[in-house]
Structure formats: C-alpha cells, structure tokens
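Input: a single structure, listed below in structure tokens.
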Amino acid sequence: MRVSVTGSSGWIGSVTVDELLAAGDEVTGLARSDASAAALRAKGAHVHRGDLDDLASIRAGAEAAEAVIHLANKHDWSNPAASAAAERAAVQTIGDALAGTNRPFLLASGVAGLTQGRPAGEDDASPFHGPESPRGGSENLALEFVDRGVHTVALRFAPTVHGAGDHGFIATIAAVAREKGVSGYAADGTNRWAAVHRSDAARLVSLGLAKAPAGARLHAVAEDGIPTRDIAEAIGRAFGLPVTSIAPDDVQGHFGWIGTFFGMDLAATSTATRELLGWAPTGPTLIEDLDAGAYSARPIRSS
Ligand SMILES: NC(=O)c1ccc[n+]([C@@H]2O[C@H](COP(=O)([O-])OP(=O)(O)OC[C@H]3O[C@@H](n4cnc5c(N)ncnc54)[C@H](OP(=O)(O)O)[C@@H]3O)[C@@H](O)[C@H]2O)c1
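Encoded structure:
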C-alpha cells in the first residue's frame, strides 16, 4: 500500500516508517528539513516536503496516498492552543482530501481526560469536541469522517511511549528531577500512567493499518497503570536522586507544564485492541527501561 506518514521523523513516526517498510508498504514521509528527507531516503522511503502550516502540502500528501498515518504534532507546550489549532486544521484537511475514498486515515491521539476515576477503554468516546478542546478535538473530528467515506482509525498512545532516546514526557520529568535535585511525584503518587514501548507502539500502528475497521479506537497500551510514585522512584534510582512527594499546590511550580500530566491518573486498558489485532506487546516495561539506563545511560544493577 502507498502510505503517507506525517511526523515520519518523530519518535513514533520514525520507527513506524521502519515497520511499514518491513511489512512491504511503500512509504512517503512528510519532511520539513533536509536532514529528515535524507533519513527517509536512506531507509528506502519517498519524501514529500511540507509543513503543518502549509495545508496545501498536507492535502497534496494525502491525495497522493492510498492511506494516511498522521503523527506530526507541533508539541509547543508553551502554546498548546497553537498546537491544537494546527492539529485540527491538519485533520480537517486530510479528512477532506480522503472523503469518499474509503481510504485508511490513522491519526495519533491520547488517553488523557477520557475517563475519571477508572482506566480508559476503547469504548470510551473522547469527550473532546471542537477547536477549543485538547488536541483541538481532532479524534472526534477525524471519526466524523467515517460517515463521509473515510476509514478513520484513532491511535490512542499511552502517555509515555518509552525507550532509549525518548524526548517525551518521561524525559521531561527526568530533566525536572535533575534540575531540582530531587525526583518528585504529586501528592501520594498513587495516580497511574499507562505505558508502551516505542517498538510495540509502532507495530500496533502497522497492524492497525492492515486490520482495524473504520471507526476503531486502538489503545497503544502495554501497561495499564504504573503508580507515578514508582516512576519517580525509578527516576531517582537512575540519577541517584532522593525521591519525594510534591504537595498538590506546589506541583505546577515544581514540574512546570508537565505537572498537569504527571498529577493526572492516566490509566488505560488495551484488551479490545489486543483481541482485535492479535497485538501482544513484547518490549521492556517503563521501569525496566529506566533501570536499564534508557533515560540516564546509567544502568541500575541489583546487588
Ligand atoms: N511520544 C509519546 O509518548 C506520545 C504519547 C501520546 C500521544 N503522542 C502523540 O503521537 C504523535 C507522535 O508523537 P511523537 O512522540 O512521535 O512526536 P515527536 O517525536 O515530537 O515528533 C513530532 C513530529 O511532528 C513533526 N512536526 C512538528 N512540527 C511540524 C510542522 N510544523 N510541520 C510538519 N511536521 C511537524 C516533527 O518533524 P521535525 O522532525 O521536522 O520536527 C516530527 O516528525 C503526536 O501526535 C503525539 O502528540 C505521543
């Protein structure tokens, strides 16, 4: 299949491209730099130059493909509204380009805020609608295109897609720990985070492209919920730092923007996804990655 991948140079996108190529797909990656373009060509992928801020380039990439996997995101944490607006505009543009074709449109999403007080499941529809909502309400916007002849599939990634070289949430929390000289967790640290290894996440995307029905919500979740206190303790071990509770009123001041997420319960299940796709995660757990030095290049050896 000729697959267009936005975000093909990113943490998840770059290994997704590898998975797709290995599965025999013909991949065209959206690239906005010469370095990203060269990396794609070196793998045997094609290059489409473009930018989320150039919607004509996003439309052209979608129109030329038999399937679109949308993983690009500005991730401007100092201006989440701008990231959300760009995300919504890209999803609208790709959906319009694919309308009436029944072609697959897989898009990145997350599990934050789907449920309160219990793990999120695939049957839990996103409560986020409209441009002012998190991620610009892009998951629901994309799913609305099912009625317009688009084979939409939502890829809900765990809040940490972890592994060596990760520059996402866990790397940010580890950076705060190093800067503050203490590895913190919010309150009693019983709020939990789902997790998935990067390799398992990329395999899920490839399987989702091949097998998921239109309208599916897939959960890239290998571990349903790791207490954030356990995560903070592993970060403390990795960097040789003391571990401490941060009072709820001090969480934002201590952690900055990542505190909003690290203080949330972001547990999720993936039972339906595993049954639907025959997906079985095999990668290391988050704590195993932290203890192996994936974030610190400082393996912890039990004595
Ligand atoms: N990683 C996680 O733990 C996680 C968890 C939940 C959800 N997600 C979601 O999954 C998706 C992929 O995440 P990721 O971790 O792979 O992200 P990432 O490593 O930050 O990569 C972002 C990608 O978006 C591209 N991009 C950024 N701004 C762009 C622009 N203006 N125009 C075109 N492309 C642009 C980047 O290209 P350049 O290389 O040119 O900058 C890069 O390829 C995102 O939607 C993310 O929010 C990720």
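All residue numbers for the sequence shown refer to the numbering used here, where the first residue is 229 and numbers rise by one. C-beta atoms are modelled at their ideal positions from N, C-alpha and C, and glycine is treated no differently. Computed from a predicted structure; not experimentally measured.
Shown here, W421 sits in a strand according to DSSP, grouped into three states.
Using a Cβ distance threshold of 9 Å, H274 and G252 do not count as a contacting pair. Positions of the alpha helix (DSSP H) runs, each at least 4 residues long and wholly inside the segment 461–509, are given as 479–483, 486–490 and 499–505 in order along the chain.
Counting other Cβ atoms within 10 Å of its Cβ, R346 stays below 16 and is therefore classed as exposed. For G436, the enclosing alpha helix (DSSP H) stretches over residues R426 to K439. Between A402 and I463, the CB-CB gap stays under 9 Å. In the DSSP assignment, D452 falls within the unbroken beta strand (DSSP E) covering E451 to P455.
Taking the C-beta atoms as reference points, A415 is found no nearer than 9 Å to S354. At least one heavy atom of ligand 1 is found less than 8 Å from the C-beta of H395. Closer than 8 Å to some heavy atom of ligand 1: that does not describe the Cβ of W305.
Comparing alpha-carbon positions, the option among V339, D394, S361 and D352 lying closest to A386 turns out to be V339. Counting the other CB atoms within 10 Å of its CB gives H303 a total below 16, which places it among the exposed residues. Distance check between L494 and each of V255, I286, N307 and R420 places R420 closest, using alpha-carbon atoms only. Between ligand 1 and G238, a heavy atom-to-CB distance of less than 8 Å is present. Out of H482, T380 and V381, the CA that lies nearest to the CA of G409 is found in H482. Counting C-beta pairs with one atom in each stretch, the segment 372–383 and the segment 325–338 have three or more that are closer than 8 Å, which means they touch.
Classified as buried, R457 has 16 or more neighbouring CB atoms from the shown chains inside 10 Å of its CB.
Within the same chain, W485 come within 7 Å of W305 by CB-CB distance, once the 5 residues on both sides are set aside. Secondary structure note for E407: it is in no beta strand (DSSP E), and the uninterrupted alpha helix (DSSP H) holding it is F397 to K408. Across the set I515, S498 and D519, the C-alpha of S498 shows the shortest separation from the C-alpha of P509. DSSP, read as helix, strand or coil, puts P332 in strand. Rounded to the nearest whole angstrom, the CA to CA distance from W239 to G468 is 27 Å.
Here T321 is not bridged, per DSSP, to any residue.
Here Y523 is not bridged, per DSSP, to any residue. At the C-beta level, H357 and G365 come within 9 Å of one another. Taking the Cα positions, R465 is about 12 Å away from A522. Ranked by how close their Cα comes to the Cα of I398, the residues V424, T418, F373 and V374 have V424 in first place. In this structure, the CA atom of D478 is about 21 Å from the CA atom of G341.
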